[in-house]
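A short write-up of the structure that comes next.
Okay, here's the thing in structure tokens:
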């Protein structure tokens with residue numbers, strides 16, 4: 002009698018009720034970061050409120066489509082893991098520079114389209130480099146991802162960067178309350194409710210925030226009911242060499258970051274990322290970036306904050322994140338719904354973010370527990386990589402005097418730490434040197450001597 006093969010947790014499809022709840026949880030975890038990029042770029046270019054609103058709805062729409070491509074996949078596009086996609090912060094500085102020095106949005110979109118095509122072409126090359134990402138490198142990168150995101154949660158908890166009441170005790174009190182709710186639900190609630198602890202914490206926090214005046218729903222009334230992003234809304238793309246070069250540097254950075262995120266999710270879900278699946282995931286990044294340039298938004302990458310949510314909730318189904326992608330598409334087509342989600346106060350997100358981002362860092366430590374630290378070489382790799390990765394996080398202006406291309410790479414703590422871990426691992430564990438010679442000598446000393454023959 003034939004038996005049905007067990008379905009991997011990544012491919013399981015939960016009931017509709019759970020899909021909706023888990024998916025909404027992922028949307029709330031990434032929403033603030035998703036809309037931050039168009040707000041920053043559009044604000045720097047002094048776009049009108051109507052144009053800013055258009056950028057945000059276009060971004061949400063393509064975020065959803067990009068997430069569906071990555072989770073569901075088709076042909077050789079999509080890693081088919083629970084990965085949320087969103088605009089990369091690595092592109093913010095170059096895009097502001099391009100947009101404010103005469104090129105405008107058309108020059109930005111031209112460079113974004115070229116960068117997306119380059120990612121699609123380079124994806125197989127990155128796939129073949131997977132052997133240079135052992136647990137030593139992946140654990141270090143996951144740790145850096147988690148720790149580098151903690152200041153984001155801290156800013157949210159204090160009221161959001163730039164808020165007039167930033168750091169007010171009531172903001173931190175609300176964040177602490179949400180944190181306690183998340184922990185309490187995860188520890189004492191039934192299993193299903195424990196899996197949506199973050200969503201529960203956000204809902205309860207929002208319910209408390211409303212009577213205390215934390216929320217402003219004024220934007221909901223002003224938002225349109227329906228909004229559709231049309232290709233090249235701001236004009237035909239312009240292809241300027243300087244803009245394209247800077248965006249190609251961004252493409253390499255985002256490929257490095259996405260590689261770390263994909264490997265992290267593979268570790269958390271128990272489905273190891275192989276060279277082919279890594280290439281498929283990067284190829285989906287490239288396609289999404291091309292769509293971003295066509296539909297009036299920006300380059301896309303995997304979102305690390307949702308990696309932490311996967312690790313915390315242990316909900317490993319890619320269909321949950323696909324449901325989140327469908328919700329993002331809906332938010333992109335219905336701006337009024339997007340305005341409701343945007344009204345969630347920053348301190349509420351901060352309390353939940355502390356748990357999620359800390360979970361990412363803890364997952365990195367769990368991966369590093371498999372590494373042999375009996376000599377100082379691997380310890381040095383971790384120590385220096387974390388130090389380099391945390392430098393721009395702790396001192397954001399440390400590279401302010403360096404060229405733009407250098408800042409693009411090194412101002413992202415994730416990409417700086419990842420590149421350092423890769424290079425140091427190659428130096429200490431792949432390049433022949435004193436360590437290899439000592440190992441050969443030790444092996445010879447340990448081998449029993451052969452008995453002398455009659456002719457010796």
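Numbering (our numbering), first residue to last: 2 to 457. Glycine residues also receive a C-beta, built at the ideal position from the N, C-alpha and C atoms. As the structure is a prediction and not an experimental result, all values here were calculated from the model.
{"Item": "Buried or exposed by the 16-neighbour rule on C-beta atoms within 10 Å, applied to residue 157", "Value": "buried"}
{"Item": "Proximal residues to residue 285 (C-beta, below 6 Å), its chain only, five neighbours per side dropped", "Value": "70, 71, 78 and 79"}
{"Item": "Within the stretch 253-340, ranges of the beta strand (DSSP E) (whole runs, at least 3 residues)", "Value": "301-303"}
{"Item": "Residue burial classification, residue 229 (beta-carbon count within 10 angstroms, cutoff 16)", "Value": "exposed"}
{"Item": "Three or more C-beta pairs below 8 Å linking the stretch 96-114 and the stretch 148-165", "Value": "no"}
{"Item": "Where the beta strand (DSSP E) containing residue 228 begins and where it ends", "Value": "No beta strand (DSSP E) holds residue 228; DSSP gives it neither H nor E."}
{"Item": "Collapsed DSSP secondary structure at residue 78 in the structure displayed", "Value": "strand"}
{"Item": "Span of the beta strand (DSSP E), counted from its first residue to its last, around residue 87", "Value": "86-88"}
{"Item": "Start and end residues, alpha helix (DSSP H) containing residue 365", "Value": "347-369"}
{"Item": "C-alpha distance - residue 137 paired with residue 253, whole-angstrom precision", "Value": "22 Å"}
{"Item": "Close beta carbons around residue 57, own chain, < 6 Å, minus the five adjacent residues each side", "Value": "36 and 39"}
{"Item": "Helix, strand or coil at residue 372 [DSSP, three-state]", "Value": "coil"}
{"Item": "Integer-rounded CB distance, given that residue 186 should sit under 8 Å from residue 195", "Value": "6 Å"}
{"Item": "Three CB pairs or more closer than 8 Å across the stretch 250-266 and the stretch 84-102", "Value": "yes"}
{"Item": "Spatial neighbours of residue 288 in its chain, beta-carbon cut-off 6 Å, leaving aside the 5 residues before and after", "Value": "78"}
{"Item": "Helix, strand or coil at residue 159 [DSSP, three-state]", "Value": "coil"}
{"Item": "For residue 400, three-class secondary structure by DSSP", "Value": "coil"}
{"Item": "CB contact flag (residue 347, residue 214, <9 Å)", "Value": "no"}
{"Item": "CA-to-CA distance, residue 320 to residue 76, given in whole angstroms", "Value": "18 Å"}
{"Item": "Buried or exposed by the 16-neighbour rule on C-beta atoms within 10 Å, applied to residue 268", "Value": "buried"}
{"Item": "Pair within 9 Å by beta-carbon distance, residue 414 and residue 390", "Value": "yes"}
{"Item": "CB-CB length for residue 247 against residue 406, believed under 8 Å", "Value": "7 Å"}
{"Item": "Selected residue, minimal CA-CA separation from residue 118, among 294, 373 and 298", "Value": "294"}
{"Item": "Distance between beta carbons of residue 300 and residue 255, contact taken as under 8 Å", "Value": "6 Å"}
{"Item": "Within 9 Å, strictly: CB atoms of residue 140 and residue 368", "Value": "yes"}
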